[in-house]
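Chains as they are written, first to last, in this note's numbering: chain A, -5 to 135; chain B, 35 to 212.
Using N, Cα and C, we set each Cβ at its ideal position, and we do this for glycine too.
Structure (structure tokens):
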């Protein structure tokens, strides 16, 4: 094994389980290369120094501060509104489907004017413009 | 006393139960604090990022389907926010100070101990490497957990760990030679 291969295997041994063959190979290589073994021990030291040993927090009353912040910025209200409407969402979907069905059934029977009770002016306009030009022309002649 | 499961607390929080959400915060504060402080140091920004992580989690409760553990989901939010903060800090300091001053760790002087030097060198690593080193080597998550939190393949975690460690060893060797 080259020193590079030994180093790679040594680093891998911290993060990945090795099979028996790899373990044996690494141990043998380290025994035979005491200089490399001393050098590689630095990796172990770095990892030992880095690993957190004591738990940490964000300071006292952190959770209370978060809850207060959420309530202050109104996220809480939004959530309650969403929770309220969630209960009725199925009923609302039913109402929308019913309205769409009604619309489809009565599509050719309803128009905007009749819905609002307005007078239908279509016939009157036709009456105004539908006169016979020939009749007028003939009487003039 | 029977402890409520995270799932029950999430359900209760989704329906506006703030006591349940407070319990979730208390339960996961330590893990989130560990990751955020490892990246940003024991600073006020770290506390802000911690708060933001939990608030984002609260806002996203409806979308949380429980595919991953609450802690995994929270750490993912926290680590992304911390890395964004690092980027923002570097951008902010780019025009005003030397880049080293943008890091949370003081530049180690000749009396600095090995731990300070390692922390400083980690803060100088590329962000992708920093997140892997923080989770695996500082906070003690398994390689599988690290891959899941960061959403990257296991092989990528292993190769980043290996490269980061080699880099650290090089700079440490240089420091102790000087």
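Query: Could you give the first and the last residue of the continuous alpha helix (DSSP H) run that contains residue 61/B?; Result: 52 to 74
Query: Any beta carbon of chain A sitting closer than 8 Å to that of residue 56/B?; Result: yes
Query: For residue 135/B, count neighbouring C-beta atoms within 10 Å of its own C-beta (all shown protein chains included) and say buried if the count is 16 or more, exposed if not.; Result: Confidence is the limiting factor: at residue 135/B the pLDDT is only 45, short of 50, which leaves the residue's position unreliable, though a coordinate-based value still follows. Burial call: exposed.
Query: Helix, strand or coil, according to DSSP, for residue 206/B in the structure here?; Result: helix
Query: Thinking residue 161/B and residue 120/B are a contact (beta carbons under 8 Å), I'd like their distance in whole angstroms, please.; Result: 6 Å
Query: Are there 16 or more other CB atoms within 10 angstroms of the CB of residue 172/B, so buried, or fewer, so exposed?; Result: buried
Query: Just the Cα atoms here: how many angstroms apart are residue 95/A and residue 82/A?; Result: 20 Å
Query: Between residue 85/A and residue 56/A, what straight-line distance do the alpha-carbon atoms span, to the nearest angstrom?; Result: 40 Å
Query: Please identify the residue among 41/B, 62/B, 187/B whose C-alpha is closest to the C-alpha of residue 105/B.; Result: 62/B
Query: For a test of the three-state rule: what should DSSP assign to residue 187/B, helix, strand or coil?; Result: coil
Query: Helix or strand or just coil, what does DSSP make of residue 55/A?; Result: coil
Query: At a Cβ threshold of 8 Å, is residue 7/A touching chain B?; Result: no
Query: Compare the C-beta of residue 28/A against all C-beta atoms of chain C and say whether one is closer than 8 Å.; Result: No chain C appears in the structure shown, which is made up of the protein chains A and B.
Query: Counting only the same chain and skipping the five closest in sequence on each side, list residues whose C-beta sits under 8 Å from that of residue 20/A.; Result: 0, 3, 4, 7, 12
Query: At 8 Å on the CB atoms, spell out the chain A contacts of residue 161/B, in chain order.; Result: Near residue 161/B there are no residues of chain A at all, since even the closest Cβ is about 17 Å away, more than 8 Å.
Query: Tell me the residue span of the alpha helix (DSSP H) that contains residue 20/A.; Result: 14 to 26
Query: How would you list, in chain order, the residues of chain B whose beta-carbon sits under 9 Å from the beta-carbon of residue 40/A?; Result: 148, 152, 171, 199, 202, 203, 206
Query: What is the residue span of the alpha helix (DSSP H) that residue 175/B lies within?; Result: Unbroken run through residue 175/B: none, as it is neither H nor E.
Query: Give me the Cα-Cα distance between residue 100/B and residue 115/B, rounded to the nearest whole angstrom.; Result: 21 Å
Query: Secondary structure at residue 160/B, three-state DSSP: helix, strand or coil?; Result: coil
Query: Which residues bound the alpha helix (DSSP H) around residue 84/B?; Result: 78 to 93
Query: Check each residue of the region 41 to 58 of chain A: if its Cβ is closer than 9 Å to any Cβ of chain B, include it; give the result in chain order.; Result: 41, 43, 44, 45, 46, 49, 50, 51, 52, 53, 56, 57, 58
Query: Please classify residue 47/B as buried or exposed, where buried requires at least 16 other C-beta atoms within 10 Å of its C-beta.; Result: buried
Query: Return no unless some Cβ of chain B is closer than 8 Å to the Cβ of residue 61/A.; Result: yes
Query: Mind checking if residue 0/A is an interface residue toward chain B, Cβ cutoff 8 Å exclusive?; Result: no
Query: What does the alpha-carbon distance come out to for the pair residue 16/A and residue 204/B?; Result: 26 Å
Query: State buried or exposed for residue 91/B, treating a residue as buried only when at least 16 other CB atoms are found within 10 Å of its CB.; Result: buried
Query: Here's the rule: buried if 16 or more other CB atoms are within 10 angstroms of the residue's CB, otherwise exposed. What is residue 44/A?; Result: buried
Query: Using a threshold of 8 Å, state whether the C-beta atoms of residue 88/B and residue 59/B are closer than that.; Result: yes
Query: When DSSP labels each residue in this structure, what does residue 200/B get in the three-state scheme?; Result: helix
Query: Counting only C-beta atoms, is residue 71/B closer than 8 Å to chain A at any point?; Result: yes
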